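Chains as they are written, first to last, in the working numbering: chain R, 91 to 185; chain G, 95 to 578; chain Z, 831 to 1333.
Think of the CB as a built atom: it goes at the ideal place given N, C-alpha and C, for glycine as much as any other residue.
None of the values given here were measured: they were computed from a predicted structure.
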Amino acid sequence: MFLANADVRKVARLARLAMDETEIEAARTQLSGIFALIAEMQAVDTQGIAPMSHAQDVAQRLREDIVTEANQRELFQSIAPQVEAGLYLVPQVIE
Amino acid sequence: MLNSSLQQLGSALRAKKISSVELTQLYLDRIAALNPALNAYITTHAETSLAQARAADARLSGGTAQALTGIPIAQKDIFCAKGWRTTCGSKMLENFVAPYDAHVIGQFNSAGAVNLGKTNMDEFAMGSSNETSYFGAVKNPWDQNAVPGGSSGGSACAVAARLCAAATGTDTGGSIRQPAALCGISGLKPTYGTVSRYGMIAFASSLDQAGPMARSAEDLALLLNTMAGFDERDSTSLQRDKEDYARDLSKPLTGLRIGLPKEFFAEGLSSDVGKAVETAIAEYKKLGASIVEISLPNSKLSVPVYYVLAPAEASSNLSRFDGVRYGYRAPDYTDLADMYEKSRAQGFGAEVKRRIMIGTYVLSHGYYDAYYLQAQKIRRLIAQDFTDAFKQCDIIIGPTSPSTAFKLGEKGDDPVQMYLSDIYTIAVNLAGLPGMSIPCGFGAANMPVGLQIIGNYFAEAHMLNAAHQYQLATDWHVRTPNGI
Amino acid sequence: MQWEIVIGLEVHAQLSTSSKIFSGASTAFGAEPNTQADAVSIALPGVLPVLNKGAVERAIKFGLAVGAHIAPHSVFARKNYFYPDLPKGYQISQFDLPVVGQGALTIQVEPLSGNAKPYEKVVRITRAHLEEDAGKSLHGDFHGMTGIDLNRAGTPLLEIVSEPDMCSAAEAVAYAKALHSLVRWIGICDGNMQEGSFRCDVNVSVRKTGAPLGTRREIKNLNSFKFMQQAIDYEVQWQIGTLENGGKIQQATILFNPDTGTTHAMRSKEDAHDYRYFPDPDLLPLDITPAMLEQVRATLPELPQARRERYTSEYALSAYDANSLTASREMADFFEAVLAEMSPSPQSSPASGRGGERENQSSTSAKMCANWLIGEVSAQLNRDGLEMTQCPITPQQLGGMLQRIADSTISNAGAKDVFRAMWSEGGDADAIIEAKGLKQVSDSGAIEALVDEIIAANADKVTEYRSGKDKLFGFFVGLAMKASKGKANPAQLNEILKRKLSG
């Protein structure tokens, strides 16, 4: 599996990971090695096999529509990087 | 006291031969003395632990004690414990004080156990050597130049070095069994859905499963009795009747059919490990078991499949670490995108970033079918292999890890070599089956070897029986590292 | 060549559950910021989603109401993207296997221009799926930063996707209104558009007749029908103008600015198109059993379309009246309650076998009732800014009054007085009629005497009338009404006057 630096850059951007060119180059080498390992999978004939998303064949359980949670804002925001007036603050969002 | 079983400790506590405060203090003192070298714990908080011990002593006096009341347990730092710093081995959560209890923590709290501290681990449980922890590598108590295995390396080390009575771990691709093997202790990964994942920081949701780590199968059974059980807060938690995992411990093994997967004894297995496992098989025969050769033809694909599925789920699970509501936020940034990118780049270590990159790539447009979907289909083939195998045998036995503990730094530069050290454990997670590792001898340089026991779905009691009977006949599990 | 407009809608209806779709936090509107953001809403490490049964039931209810296929097996997927109001870094939604499959909705279109007639149209619904809402970004003054409120994060939404079946703003608005009415009718969404409970994204493209589909632009987050119409009108003109000037349409997400009445493209997110959907490993497949389906079906009320048909066939109401009465379930229920009040009880009117007459009677009552509801009642509600549920007059009161019109106790003019009094002061019709002395004179003797007097006092006019000046009839009616202080039964008066004048 051949990866280009541009692929790595695109993935880093999608994953919101800042990477400089040296890191991108290093990642490309390592990821190429890993994808070579993963490539073993490609030869397997899986026609007609249902994908397995979960470890067991069970259906989703449903919760009754009841309010169970109390306000814990103070506790939760005590570990937040930046809050004001009960809001989490982030650099300006531009739409 | 340090070598007593949990059962014995419980009796001693109930008989007032020792108090929980004394026992807790004993371990805290040992941690103070040995942890600087071993680095098994990330966080201890003596005051909190002793307060829990005092409460346990009151309960012991009041006659409302349960099996684990007053017993000091080490918790892997992946479980949120209210008021405890919960780091998951990451700079990202270096200052994260959990505002709630994981289900597992809650279970131990209601049992009256003492939380002795939070054990070191590979960052976000991604690793097989404990070297990816932001808080430094854990040392193997049998050789401090060797790794303890990972990701539950801190817990394995703490149990082996008698820095706790028992510990918890989590296992996504072998993270309980492999460090248990490398540190010469016993560890069990239950059937997926047996222990609630609520409050356990997610790595790969469809594979993650918590389990106990201890010195014997008997201890594991007692711990699992506390950890297991339905939890409505986890949609994947299974609704089953409560069971006593110790119920079958004393059954004889006569007639037990043991399957040996030929793929687990092929190229790649180091000879010292192979020899120890062969000796264990001979012991099982003596105990009355019969041996059948089986095949798990697709198990060789489990590493590639795992390195598609686990990173894919992880890349999404770790998106919540964005520096907005908790966790690390980079000190300097120019705008929102920059804040995200820098916080995540600085907060996550190299291995975590690598897996996020793999996962993001395999899920991205144009690659989904070739990677993710293909891996999910092969996952089914791997699970089907086990279903077929269990038509011929009751349990499956083989090595836990292809080699004994390797040296610190030995595989650091080569992720692929590191990934291959989980070759025998991963298939079990993909299938959702229970698996365990127990000590079965020593290999080169006198390092412990682990024997893996794999059972059918919900066969934990059966596996524990097989392990316990073996431990009655052997003494590998009671050996202690030099200087401990 | 004519331009053809192609419109499809994606509507996000907030489901009226008490708790969030994946946690037990409250969904109540208007709470202090982040006080309803529980551990799951803020995506603390380790927390997990558990699906709300109430949300599933509402989705099923909708599916049944539009005659759709309800998937026995559907799957929740993660839609991955980073945004501060999306705490997990992914939205839990449905992708490949939605809970509601293909369905259809019949709409009544009232063309906006000219004298085109109202018509009916069937709009196909592609699918509807469950998903969670995001939080809100507040751009107040926080030292140049944005504040994030996650109270809304995790509120259940049903995203209803239509086929591009609409070809005018009028049709799009009619569809949106019909959908809005339906979700409220079946009680799955409060429909409060100001609070964002019902939000519309409109996909608009234009093409020359017969040409392949043009490139579409998506107008996001329209929260009023008026804005929807304005936005579509502007967008269509803009697209046609662009194409006629040789330009090209780029696919884009756009916003409508109600202040300027124009649309503009949103800042594009570079990776907006790579959401890396995959099945959520924290949630198992949603299986809807036949038993659950039947349970929900049993709670489904008679639907607007069925009622419309019943109103036209049973009561012989016009399509217009039937439509207006079924604009909301409250209106339709009110109508039927009034009608029940007016219909003679079985005891007082033993079955006589003259079914035709009774049907005729009930059709007359229905028509009268419809007129009053669509006319006076709606106008007053509108004037006072009230909803049907807040109407100060009960169906019993209104029914009592209409009964008095029907039995000629009061005239239509008198009824308006009664209605006004009822609206502002309450009380039942008979008491108001009594207090205000609005009872009609239906005593034919009294009216005849009155008419005789007028004829005697206006001999010249009578002569003129008899010699062919028919128009004078109104003059006599006016005099007679005046003499009776407006209380003479108009029908009776007419009949007597006519008879006596013709001499």
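Residue i: contacting residues in chain Z (beta-carbon distance under 9 Å)
i	result
R/Gly89	The question about residue 89 of chain R has no answer, for chain R in this structure spans 91 to 185.
R/Val98	Chain Z residues near R/Val98: none, gap ~15 Å exceeds 9 Å.
Contacts of residue i in chain Z (Cβ-Cβ under 7 Å)
i	result
R/Glu154	Lys883
G/Gly293	Gly876
G/Ala445	For the sequence presented, residue 445 of chain G should be read as Glu rather than Ala. Residues of chain Z passing the Cβ test: none, with the nearest at roughly 18 Å.
9 Å Cβ cut-off: residues of chain R touching residue i
i	result
Z/Leu1155	Within chain R, no residue comes near Z/Leu1155; the closest Cβ sits about 32 Å away, beyond 9 Å.
Rounded straight-line distance, which links the Cα of residue j to that of residue i
i	j	result
G/Ala521	G/Gly267	8 Å
G/Pro398	G/Leu187	29 Å
G/Leu257	G/Gly211	10 Å
G/Asp516	Z/Gly884	43 Å
G/Val386	G/Pro355	9 Å
R/Ala175	Z/Gly977	9 Å
Z/Pro1115	G/Ala240	44 Å
R/Gln167	G/Pro405	30 Å
G/Leu524	G/Ala477	7 Å
Z/Thr1038	G/Ile295	Reading off the sequence, residue 1038 of chain Z comes out as Lys, not Thr. Spanning the two alpha carbons is a distance of roughly 56 Å.
Z/Ala1181	Z/Thr956	With a pLDDT of 43 at Z/Ala1181, under the threshold of 50, the modelled position of that residue is not reliable, and the figure given next carries that caveat. Answer to the nearest angstrom: the Cα atoms are 50 Å apart.
Z/Asp1273	Z/Asn1153	40 Å
Z/Gly1185	Z/Ile1235	Low confidence applies here, because Z/Gly1185 scores a pLDDT of 48, under 50, leaving its location unreliable; read the following figure in that light. About 23 Å.
G/Ile490	R/Lys100	44 Å
G/Ala250	Z/Ser992	56 Å
G/Gly362	R/Phe125	20 Å
Z/Asn1324	Z/Cys1199	25 Å
Of the listed residues the options, nearest to residue i (C-alpha basis)
i	options	result
Z/Glu1124	Z/Ser849, Z/Ser871, Z/Ile890	Z/Ile890
G/Gly243	G/Pro528, G/Arg148, G/Glu504	G/Glu504
G/Gly443	G/Ser384, G/Thr181, G/Leu430, G/Arg473	G/Thr181
G/Gly281	G/Leu558, G/Gly535, G/Met220	G/Leu558
Z/Gly1308	Z/Ser1297, Z/Pro1320, Z/Lys1299	Z/Pro1320
G/Asp482	G/Leu107, G/Pro391, G/Val232, G/Ser365	G/Pro391
Z/Val841	Z/Lys1315, Z/Ser1054, Z/Gly1076	Z/Ser1054
G/Ser246	G/Asn234, G/Asn214, G/Ser410	G/Asn214
Z/Gln921	Z/Gln932, Z/Val952, Z/Glu940, Z/Pro879	Z/Pro879
Z/Val1034	Z/Asp1300, Z/Glu834, Z/Glu1325	Z/Glu834
Listed by chain order, chain G residues near residue i by CB distance under 7 Å
i	result
Z/Phe925	Those do not exist, as Z/Phe925 stays about 11 Å from chain G at its closest Cβ, beyond 7 Å.
Z/Val880	Glu326, Arg327, Ser329
R/Ser143	Ser300, Gln470
Chain-ordered chain G contacts of residue i [CB-CB under 8 Å]
i	result
Z/Leu1114	Ser329, Thr330
Z/Lys966	By Cβ distance, chain G contributes nothing, its closest Cβ being about 14 Å from Z/Lys966, past 8 Å.
R/Thr136	Gln468, Lys471, Ile472, Leu475
Z/Ala873	Arg414, Arg419
Beta-ladder partner(s) of residue i, from DSSP
i	result
Z/Val1036	Z/Ile835
R/Tyr178	R/Val173, Z/Ile978
Z/Tyr920	Z/Asn910
G/Ile281	Position check: residue 281 of chain G holds Gly in this sequence, whereas Ile was assumed. In DSSP, G/Gly281 forms a bridge with G/Met307, G/Ser531.
Z/Gln938	Z/Glu950
G/Leu354	G/Glu387
G/Lys212	G/Thr137, G/Gln169
Contacts of residue i in chain R (Cβ-Cβ under 7 Å)
i	result
G/Phe190	Ile169
G/Thr65	Because chain G spans 95 through 578 in this model, residue 65 of chain G falls outside it and cannot be assessed.
Z/Ser853	Glu159
Z/Asp1104	Leu104
Within chain R, partners of residue i - CB distance below 8 Å
i	result
Z/Thr1093	Within chain R, no residue comes near Z/Thr1093; the closest Cβ sits about 14 Å away, beyond 8 Å.
Z/Asp1117	Ala149, Gln150
Listed by chain order, chain G residues near residue i by CB distance under 9 Å
i	result
Z/Lys918	Ser410, Asn411, Ser413, Arg414
Z/Arg1334	With chain Z running from 831 to 1333 in the structure shown, residue 1334 of chain Z is simply not present.
Inset, instruction - Count the C-beta pairs between the region 344-358 of chain G and the region 315-322 of chain G that are closer than 8 Å, then say yes if the count reaches three, no if not. - result: Because the criterion of three Cβ pairs below 8 Å is not met, the region 344-358 of chain G and the region 315-322 of chain G do not touch.
Legend entry - contact_flag[the region 418-431 of chain G, the region 535-542 of chain G] where n(CB pairs < 8 Å) is 3 or more: With a cut-off of 8 Å, the region 535-542 of chain G and the region 418-431 of chain G do not count as touching, because too few Cβ pairs lie within range.
Legend entry - the region 151-164 of chain G in contact with the region 212-227 of chain G per 3-pair CB rule at 8 Å: no
Inset, instruction - Give a yes or no on contact between the region 192-205 of chain G and the region 455-472 of chain G, applying the rule of three or more CB pairs nearer than 8 Å. - result: no
Legend entry - Validate contact between the region 902-920 of chain Z and the region 980-997 of chain Z using beta carbons, cut 8 Å, 3 pairs: yes
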